[in-house]
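Take a look at the structure below.
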Amino acid sequence: MNPQEISIPVPWGHIAAKTWGHSSDARVLCLHGIQDNCGTFDKLIPLLRRGFYYVCIDTPGHGHSSHYPSGFRVTIECYVLAVKRVVDHLQWDRFKCIGHSMGGMIASQFTSLYPEHITGLVMIDSAGPVPVFPQNSTKWLRTALDGLLTIEKKVASGSPPSYTREQAVDVLMTKRPSKLTKNSAEVLVERSLAKRPGGRYAFTMDQRLKVPYQQMLSPIQHLALVNSIRCPVLMIRATDNPLQKIPAVKLSRKIYKSNPNVRVVKVNGNHDVHLNEPEKIADLINTFLLSERTKAFGDDTHPGVLCVHGIQDNCDTFATLLPSLPDGYYYVCVDLPGHGRSDHFPAHLPLEFTNYLAAIKWVLDHFGWPELAYLGHSFGGQLGTWLAGVYPERVRCLIVLDTMGPRSVDMGDTLATVRGRIDAAQSLHRRQRGRLPPAYTFDEAVAKMMAGRPSKLTVESARILAGRALVRADDDKDKYTFASDQRLKLSFYPVMTFDQQKQILCNVTCPVVFVLADENCGRYSTYLKDAYEFNSQRPNVTIRVVSGDHDVHLNYPDRVFRHVADFLREHYNS
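Anchor point for the sequence shown: position 204 equals 203 in numbering that gives the first Met the number 0, and the numbering is continuous, going up by one each time.
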């Protein structure tokens, strides 16, 4: 990935930024620490996943960005507002955020204030906004104000010192509380210096950054902010950082741990581990970036197996099956749009089968897989069949659990089908407009899932799916709502006759195995009869029948795994 420079206008000048990736990819905003600049991520981002659009800003007064107007103390709130200006300018709705040190503080507070924007937060050796104990508040605030006045007098009294580039690197290495490697220091000075006469340089950072910038928040106020963070948070804590022993920092860490969305991971290294030794944290961040919408099992250098669930399910439908499947593969299970933890398609419009197929193609391109094995249950299997027909060069082998199809439409029913779908989508939208979704306890939601499902889920299976299908209700920490897109209750299979579908199905050239449940085979003599007869005659197709119903892979994976494992070993060796 080659970085690009962009500039974002703000009322006092501009905010400079460096970007990696394509602007149409999933978005990640990166915020550096105090007295640093966006170059702090130069060594980390090349190790992170492609398929994301990383925007690393120089916060005001740092790097190539304009300074705030003189005459006032710069605080965390100033930086949070600057981030909001950047987000509004970029017209971002939802994105992830990575922050180092002060950048983690800014990102944490932004997440507290604007939770609708942030889908995941990574804090690299950041304690977040550190609370101020009430008995220290007067002394703390006076120190900050007096410090600002001292800095202003010093700046007004003369020009800043100048250095050769080598001297500037040495200054950065010797005066920094944590140790930078020479290479890391050279990276940071690239955006920290301005040329002066005689081949010399001066540091450009706003001198007010040497004044305390934290908020004067009591522990109770800090707790309220942290508890308002709803997204997953990964806190990476460096083991070699003496500041972690400060009482206020220890209290802040305890406050973050009280939020169940926060996961703390320790890594060997100092405060600048992300810059000195980025390989120590890259895998942690990569896993986190993918964790919201996908679950991955195995080594990502092994052959990829994409696992796709059925309608109104989520990627945990494979939770009981995958542990039995062979090692040597990289299993990636996705939540389709509108399911689990993935975003919904835009509102107001009917869902379309081909849009889900396009989403699968985005996933393939995101991982950079030239080919893969595909494992799909129900609707996920139908998508896989079309994927193998439309992009035969990408699918090495196809495993379909308890489905064939998608179902076709008789020619004479085409008009009524199209009109019925549009009317149903509009009716659903009108019914839901302005209504809050019903809230349930976890056990009530599990019971509802079991009662409303055509096939029979065991209690254990229903609880597995519910863990990813529910979100906490805003007004009650003990109640949940279903996260799935309500349009999934409507039909959206392709409006095509079977003869039309055959043009795609005939193009499926890879080995295919259909693992069908015997309790659900009646449909292969009715609305899926054409698909069954067609596939039964294909030389590359194998059909296996197991005892159970539509969810046998989840309820009783021991009845399914052997067919899947043997097929993978035979047709998809690395």
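Cβ atoms here follow ideal geometry from the backbone N, Cα and C, with glycine treated the same way. The model shown is predicted, which means the values in this text are computed figures rather than measured ones.
Next on the checklist: To the nearest angstrom, how far is the alpha carbon of Phe296 from that of Leu321?
Outcome noted: Phe296 and Leu321: Cα-Cα distance of roughly 8 Å.
Checklist entry - If you scan the region 267 to 323 from start to end, which runs of the beta strand (DSSP E) of 3 or more residues do you find wholly inside it? => result With a minimum length of 3 residues, the continuous beta strand (DSSP E) runs that stay inside the region 267 to 323 are 293 to 296, 303 to 307.
Item to check | Assigned exposure category for Val511 - 16 Cβ within 10 Å defines buried | outcome: By the neighbour-count criterion, in which a residue is buried when 16 or more other Cβ atoms sit within 10 angstroms of its Cβ, Val511 is buried.
Item to check | Inter-residue Cα distance where the pair is Thr58 and Tyr355 | outcome: Answer to the nearest angstrom: the Cα atoms are 38 Å apart.
Next on the checklist: So, for Ala318: in the same chain, excluding its five sequence neighbours on each side, which residues have a beta-carbon less than 7 Å away from its beta-carbon?
Outcome noted: Short of 7 Å from the beta carbon of Ala318, and not among the five residues preceding or following it, lie these beta carbons of its own chain, in chain order: Ile463.
Item to check | Residue interval of the beta strand (DSSP E) (run including Ile503) | outcome: Counting along the chain, Ile503 falls outside any beta strand (DSSP E), though it belongs to the alpha helix (DSSP H) covering 497 to 504.
Next on the checklist: With distance defined between alpha-carbon atoms, name the residue in Leu504, Met449, Arg26, Arg537 nearest to His116.
Outcome noted: Nearest C-alpha to His116: Arg26.
Item to check | Ala143 beta carbon less than 8 Å from that of Pro211 | outcome: For Pro211 and Ala143, yes; Cβs fall inside 8 Å.
Next on the checklist: Can you list, in chain order, the residues of its chain with a C-beta nearer than 8 Å to that of Asp639? Leave out the 5 residues immediately preceding and following it.
Outcome noted: In this structure the chain extends from 0 to 573, so residue 639 is not present and cannot be described.
Next on the checklist: What would DSSP say about Thr440, mapped onto helix, strand or coil?
Outcome noted: DSSP places Thr440 outside both helix and strand once states are collapsed to three, so it counts as coil.
Next on the checklist: Check this for me: beta carbons of Pro128 and Cys230, under 8 Å apart or not?
Outcome noted: It is not a contact, given that the beta carbons lie outside the stated cut-off.
Next on the checklist: Once the 5 residues before and after Arg543 are set aside, which same chain residues still bring their CB inside 8 Å of it?
Outcome noted: If we look at Arg543 and ignore the five residues flanking it on each side, its Cβ neighbours are Val512, Phe513, Val514, Leu515, His562.
Checklist entry - Among the residues of its own chain, which have a CB less than 7 Å from the CB of Ser546, if the five just before and after it don't count? => result So the qualifying residues of the chain are Asp517, Arg558.
Next on the checklist: What would DSSP say about Val458, mapped onto helix, strand or coil?
Outcome noted: If DSSP states are grouped into helix, strand and coil, Val458 belongs with the helices.
Checklist entry - Under three-state DSSP, which class holds Ala372? => result When secondary structure is reduced to three states using DSSP, Ala372 falls in the strand class.
Next on the checklist: I need the straight-line Cα distance from Trp368 to Gly303, nearest angstrom please.
Outcome noted: Rounded to whole angstroms, the gap between the alpha carbons of Trp368 and Gly303 is 7 Å.
Checklist entry - Within this structure, are the beta carbons of Arg195 and Gly60 separated by less than 8 Å? => result Between Arg195 and Gly60, the C-beta gap is not smaller than 8 Å, which leaves the two residues out of contact.
Checklist entry - For Ala358, does the three-state DSSP call read helix, strand or coil? => result Of the three classes helix, strand and coil, the one that applies to Ala358 here is helix, per DSSP.
Checklist entry - Which term fits Glu459, buried or exposed, when burial requires 16 or more other beta carbons within 10 angstroms of its beta carbon? => result Counting every other CB atom within 10 Å of its CB across the protein chains shown gives Glu459 a total below 16, marking it as exposed.
Checklist entry - Among Pro160, Leu487, Glu569, His570, which has the Cα closest to the Cα of His343? => result Checking every option, the nearest Cα to that of His343 belongs to Leu487.
Item to check | Beta carbon of Asp92 nearer than 8 Å to that of Phe51 | outcome: For Asp92 and Phe51, no; Cβs fall outside 8 Å.
Checklist entry - Mapping DSSP to helix, strand and coil, what is Gln90? => result In the structure shown, Gln90 adopts coil according to DSSP, grouped into three states.
Next on the checklist: According to DSSP, simplified to helix, strand and coil, what is Val131?
Outcome noted: Val131 falls in the coil class under three-state DSSP.
Next on the checklist: Between which residues of its own chain and Gly20 is the CB-CB distance below 8 Å, once the five residues before and five after are set aside?
Outcome noted: Counting only residues of its own chain and dropping the five nearest sequence neighbours on each side, Gly20 has a CB closer than 8 Å to the CB of Met0, Arg49, Gly50, Phe51, Tyr52, Tyr53.
Item to check | Local Cβ density within 10 Å of Ile575, reported as buried at 16 or more and exposed below that | outcome: Any question about residue 575 goes unanswered here, given that the chain covers just 0 to 573.
Next on the checklist: Looking only at its chain, what residues have a beta carbon closer than 6 Å to the beta carbon of His365, apart from the 5 residues adjacent to it on each side?
Outcome noted: Closer than 6 Å at Cβ, skipping near neighbours: Gly50.
Checklist entry - Can you find at least 3 beta carbon pairs, one from the region 546 to 556 and one from the region 524 to 538, that sit closer than 8 Å? => result A contact is defined here as three or more CB-CB pairs under 8 Å, and the region 546 to 556 fails this definition with respect to the region 524 to 538.
Item to check | Same chain, Cβ closer than 7 Å to Ala126, five either side skipped, listed in chain order | outcome: Closer than 7 Å at the Cβ level, and outside the excluded window around Ala126, lie Val248, Ser251, Arg252.
Next on the checklist: Any heavy atom of the ligand GDP closer than 7 Å to the beta-carbon of Asn258?
Outcome noted: Inclusion of the ligand GDP in the displayed structure is not the case, the ligand content being empty and no account of it being possible.
Checklist entry - Three or more beta-carbon pairs under 8 Å between the region 261 to 271 and the region 230 to 244, yes or no? => result Because the criterion of three Cβ pairs below 8 Å is met, the region 261 to 271 and the region 230 to 244 touch.
Checklist entry - Residues in its own chain within less than 6 Å of Tyr492 by CB, not counting five upstream and five downstream? => result Cβ neighbours of Tyr492 beyond the five flanking positions: Phe352, Pro405, Arg406.
Checklist entry - Does DSSP put Arg229 in a helix, a strand or coil? => result Secondary structure of Arg229 (DSSP, three-state): coil.
Checklist entry - By the 10 Å Cβ neighbour count, where 16 or more other Cβ atoms means buried, how is Thr413 classified, buried or exposed? => result It counts as exposed.
Checklist entry - What residues in its chain sit with their C-beta under 6 Å from that of Thr541, if we drop five residues either side in the sequence? => result If we look at Thr541 and ignore the five residues flanking it on each side, its Cβ neighbours are Val512.
Checklist entry - Ends of the alpha helix (DSSP H) at Lys244? => result For Lys244, no alpha helix (DSSP H) encloses it, and the DSSP letter there is neither H nor E.
Next on the checklist: Using the three-state DSSP reduction, which class does Ala482 fall into: helix, strand or coil?
Outcome noted: Three-state result, Ala482: coil.
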